[in-house]
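Numbering (our numbering), first residue to last: 1312 to 1466.
Printed below as a string of structure tokens:
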């Protein structure tokens, strides 16, 4: 992967959706950039796994309530970090780790070391998931258009 930026992948994703999967230009131009900005599944996954890794690193056992905290905190951190570039987004881990009592600085330093390896994978997850959402929206849009078109009566 040449660029680890999901925003750099928008033109190629829109072009591929239009040419290869038959998604309308208007829908691809709306859903792909919107989804990449507001639907960061890769970031949520990264924050969840990083939080669980850090609790294991410090030998902290978690209750189910703390797992829920990690889940909701990861969703919030993922949305907050969606516009931040790679390593800057790792600072959002404090949203998750501070309530668990884990030192954020040590974990961010560890994760910053592997970020160049992880970031292209996260970009891939984000772009593919949003392309999938665009195709699903396109199919739903086509089905709605079929329902709204007047049917000819059979004589």
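Glycine included, every Cβ here is placed at the ideal spot set by N, Cα and C.
Q | For residue 1374, the three-state DSSP class (helix, strand or coil) | A | coil
Q: Can you grab the Cα-Cα spacing for the pair residue 1402 / residue 1395, in whole Å?
A: 10 Å
Q: State the DSSP-derived secondary structure class of residue 1344, mapped to helix, strand or coil.
A: helix
Q. Which value, in whole angstroms, describes the spacing of the CA atoms of residue 1466 and residue 1449?
A. Only weak support exists for where residue 1466 lies, its pLDDT of 49 falling under 50; the value from the coordinates is given anyway. Rounded to the nearest angstrom, the two C-alpha atoms are 33 Å apart.
Q: May I ask you to report which of helix, strand or coil DSSP gives residue 1402?
A: helix
Q) Mapping DSSP to helix, strand and coil, what is residue 1441? A) helix
Q) Does the Cβ-Cβ distance between residue 1446 and residue 1334 come in under 8 Å? A) yes
Q: Determine the extent of the alpha helix (DSSP H) in which residue 1355 is found, giving its start and end residues.
A: 1352 to 1368
Q.
So, at 6 Å on beta carbons, what are the nonlocal neighbours of residue 1411 in its own chain, with the 5 sequence-adjacent residues on each side left out?
A. none
Q) Using DSSP with H/G/I as helix, E/B as strand and the rest coil, what is residue 1297? A) Given that the chain is displayed from residue 1312 to residue 1466, the structure contains no residue 1297 and the question cannot be resolved.
Q: With a cut-off of 8 Å on the beta carbons, I'd call residue 1320 and residue 1418 a contact; round off their distance for me.
A: Actually they do not touch by this definition, with Cβ atoms about 28 Å apart.
Q. Between which two residues does the alpha helix (DSSP H) harbouring residue 1319 extend?
A. Careful: residue 1319 lies outside any alpha helix (DSSP H) and carries neither H nor E.
Q. Exposed or buried, which one is residue 1384 when buried takes at least 16 other CB atoms within 10 Å?
A. buried
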